[in-house]
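Novice: Questions regarding the structure given below will be posed in turn.
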Amino acid sequence: MKKTRVALIGCGRVARVHADALVALDETELVAVVDIKPDRAEAFSQHYGVKAYTDYRDVLELPNVDAVQIATPHYNHAEIAIAALKAGKDVLTEKPMAISVPDMEAMIQTAKDTKRTLGVIFQNRYNDASQAVKQVIEEGKLGAINGTRAIITWRRTDEYYSESDWKGTWDKEGGGVLIDQAIHTIDLMQWLVGEVDYLEARYDTRAHDQIDVDDVAEAHIVFKNGAIGCLYASCNYSYDAPIFLEIHGEKGIAHIIGDRAIITIGNKTMTVEQQPDETTGLRYWGFSHKRQIRDHYRAVQAGKKPFIDGKAGKTAVDMVLAMYESSRRQTPVYFPYVPGAPSCKKHRGGCCGR
Ligand SMILES: NC(=O)c1ccc[n+]([C@@H]2O[C@H](COP(=O)([O-])OP(=O)(O)OC[C@H]3O[C@@H](n4cnc5c(N)ncnc54)[C@H](O)[C@@H]3O)[C@@H](O)[C@H]2O)c1
Numbered sequence: 142m143k144k145t146r147v148a149l150i151g152c153g154r155v156a157r158v159h160a161d162a163l164v165a166l167d168e169t170e171l172v173a174v175v176d177i178k179p180d181r182a183e184a185f186s187q188h189y190g191v192k193a194y195t196d197y198r199d200v201l202e203l204p205n206v207d208a209v210q211i212a213t214p215h216y217n218h219a220e221i222a223i224a225a226l227k228a229g230k231d232v233l234t235e236k237p238m239a240i241s242v243p244d245m246e247a248m249i250q251t252a253k254d255t256k257r258t259l260g261v262i263f264q265n266r267y268n269d270a271s272q273a274v275k276q277v278i279e280e281g282k283l284g285a286i287n288g289t290r291a292i293i294t295w296r297r298t299d300e301y302y303s304e305s306d307w308k309g310t311w312d313k314e315g316g317g318v319l320i321d322q323a324i325h326t327i328d329l330m331q332w333l334v335g336e337v338d339y340l341e342a343r344y345d346t347r348a349h350d351q352i353d354v355d356d357v358a359e360a361h362i363v364f365k366n367g368a369i370g371c372l373y374a375s376c377n378y379s380y381d382a383p384i385f386l387e388i389h390g391e392k393g394i395a396h397i398i399g400d401r402a403i404i405t406i407g408n409k410t411m412t413v414e415q416q417p418d419e420t421t422g423l424r425y426w427g428f429s430h431k432r433q434i435r436d437h438y439r440a441v442q443a444g445k446k447p448f449i450d451g452k453a454g455k456t457a458v459d460m461v462l463a464m465y466e467s468s469r470r471q472t473p474v475y476f477p478y479v480p481g482a483p484s485c486k487k488h489r490g491g492c493c494g495r
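For the sequence shown, my numbering gives the first residue as 142, with consecutive numbering after it.
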């Protein structure tokens, strides 16, 4: 099998998880690393034995690069992805794919126009726990979904923000706990439960003085199938606690707690644990980067759409952006999400302008 030759753009905290997977997998070969900070690019270059670059545009000109993987700050995912697609490279970008709806739409359109592949990392869909819960839902074993609730309580210190030149900013990170940390669980929630009808949310900055993005948020989410969702997210907790996600169906209930699923149907309970052979990454981030990266390139090599393409990656960002808008406007926000659209619950058409 011909390996896909990949350049990794961004050599920061998450990048080792990407590079290790690209080196280990049969489907891929790591051929270049890029970081605007030369010391970071050099450290990766030394460690992985590939050439270092400081300008991503240089690797887009290389004929031996088939694809790029983007692990840079949120605000430049769109710029880099669009440039790479136009240069004929396939793209797999870290979450969130971008921080605005127009940017996400431009990425999806560019992938279509260039006939290249755009994928988005949401590795937790590949966890054994998530897959097991998805399966029982699809087999109808939980019955109709009545409700879902999620609790994400992690810890991000003052240093986490002060040491970064982009975290904790609206223009570069695009938000705080919702767009960076909770987005994984928001993605799982919508993937497992279905399309959102409307949501209402509030956020605040409660425990960090030097940022003005959200470090705490809550949301009420109503799905098109009638299911009711509750979400609480905070990065002001004492440690990175395992995420909690519950799916309550008319015939049973499923819990994802960290990387374990506990599914109860009638008087039978099944527990599903993550298989350790596949693990890469930190436990609370979710283990399954390697699985997603392998599945993504298998799809690319077979000429198929990847499981999490641009359209699939956009939904959770739409939800996050809608939560921010709902909080600012103090109104519900309806889906499909159109930024700034009228949101009067009674008069969806916007007759009263709310
Ligand atoms: N899926 C997950 O579980 C997970 C976990 C952590 C981070 N992430 C995501 O990964 C991305 C990176 O996060 P991080 O924590 O590694 O950030 P980071 O700040 O540690 O690393 C980002 C790197 O990108 C470099 N960079 C910035 N602009 C660049 C450019 N134009 N070209 C090349 N390099 C550039 C920076 O110098 C830095 O080294 C974010 O999208 C983040 O949300 C995902």
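Don't be surprised by glycine CBs; every beta carbon is placed ideally from N, CA and C.
What number of angstroms, rounded off, separates the C-alpha of I384 from the C-alpha of I398?
Specialist: Answer to the nearest angstrom: the Cα atoms are 6 Å apart.
Novice: Report the three-state DSSP secondary structure of L171 (helix, strand or coil).
Specialist: Of the three classes helix, strand and coil, the one that applies to L171 here is strand, per DSSP.
Novice: Over what stretch of residues does the alpha helix (DSSP H) that includes L226 continue unbroken?
Specialist: Where L226 is concerned, the enclosing alpha helix (DSSP H) stretches over 218-227.
Novice: Can you tell me which of the three DSSP states G396 falls into?
Specialist: Checking the sequence shown, residue 396 turns out to be His, not Gly. Strand, per DSSP.
Novice: I'd like the list of long-range same chain contacts for R459, defined as Cβ closer than 6 Å, with 5 residues on each side in sequence excluded.
Specialist: What sits at residue 459 in the sequence shown is Asp, not Arg. Closer than 6 Å at Cβ, skipping near neighbours: Y478.
Novice: Closer than 8 Å by C-beta to T410: which residues in its own chain qualify, once you throw out the five before and the five after it? Chain order, please.
Specialist: Closer than 8 Å at Cβ, skipping near neighbours: I403, I404.
Novice: On the three-state DSSP scale, how would you describe L319?
Specialist: Looking at L319 - three-state DSSP - the assignment turns out to be helix.
Novice: Taking the continuous alpha helix (DSSP H) assigned at H325, which residues delimit it?
Specialist: Where H325 is concerned, the enclosing alpha helix (DSSP H) stretches over 324-334.
Novice: N498: beta carbon under 6 Å from a heavy atom of ligand 1?
Specialist: Outside the shown range of the chain, which is 142 to 495, sits residue 498, and nothing can be said about it.
Novice: Once the 5 residues before and after M248 are set aside, which same chain residues still bring their CB inside 7 Å of it?
Specialist: The residues are A219, A222, I223, M238, A239, L259, G451.
Novice: May I ask you to report which of helix, strand or coil DSSP gives K455?
Specialist: Here K455 sits in helix by DSSP.
Novice: If you check the beta carbons only, do A212 and A156 fall under 7 Å apart?
Specialist: Cβ distance < 7 Å, so A212 and A156 count as in contact.
Novice: Among D338, S484, D167, which residue has its Cα nearest to the Cα of N366?
Specialist: Ranking D338, S484, D167 by Cα distance to N366 puts D338 first.
Novice: Can you tell me the Cβ-Cβ gap for I369 and A323, rounded? I've got them flagged as a contact below 8 Å.
Specialist: Their Cβ separation, rounded to whole angstroms, is 18 Å, which puts I369 and A323 out of contact at 8 Å.
Novice: Using alpha carbons as the reference points, say which of Y194, R469, R297 lies closest to Y380.
Specialist: Nearest C-alpha to Y380: R297.
Novice: Would you identify the three-state DSSP class for A482, choosing helix, strand or coil?
Specialist: Of the three classes helix, strand and coil, the one that applies to A482 here is coil, per DSSP.
Novice: What's the C-alpha gap between R347 and V357?
Specialist: Cα-Cα distance, rounded: 7 Å.
Novice: In angstroms, rounded to a whole number, what distance separates the CA positions of H215 and T472?
Specialist: Spanning the two alpha carbons is a distance of roughly 26 Å.
Novice: So the alpha helix (DSSP H) S303 belongs to, where does it begin and stop?
Specialist: Where S303 is concerned, the enclosing alpha helix (DSSP H) stretches over 299-303.
Novice: Could you tell me which residues DSSP puts in a beta bridge with K409?
Specialist: Its beta-bridge partners are I406.
Novice: Less than 6 Å separating the Cβ of D176 from some heavy atom of ligand 1?
Specialist: The answer is yes for D176.
Novice: For V474, collect the residues of the same chain with a Cβ closer than 7 Å to its Cβ; drop the 5 residues on either side in sequence, then sort them by chain order.
Specialist: Here the set comprises Y339, L340, A463, E466, S467, S484.
Novice: Could you name the residues that DSSP lists as bridge partners for H361?
Specialist: Paired residue(s): E341, C371.
Novice: Could you pull the start and end residues of the alpha helix (DSSP H) that Q442 belongs to?
Specialist: Unbroken alpha helix (DSSP H) run through Q442: 430-442.
Novice: Put T234 into one of helix, strand or coil per three-state DSSP.
Specialist: Looking at T234 - three-state DSSP - the assignment turns out to be strand.
Novice: Kindly indicate which three-state DSSP category L386 falls into: helix, strand or coil?
Specialist: Correct three-state label for L386: strand.
Novice: Return yes when at least one heavy atom of ligand 1 lies under 6 Å from the C-beta of V232, else no.
Specialist: It does not: the Cβ of V232 is nowhere closer than 6 Å to a heavy atom of ligand 1.
Novice: Which of helix, strand or coil does DSSP assign to M142?
Specialist: The answer is coil: DSSP assigns M142 none of H, G, I, E or B.
Novice: Could you tell me whether any non-hydrogen atom of ligand 1 is closer than 6 Å to the CB of T213?
Specialist: Yes - ligand 1 has a heavy atom lying nearer than 6 Å to the Cβ of T213.
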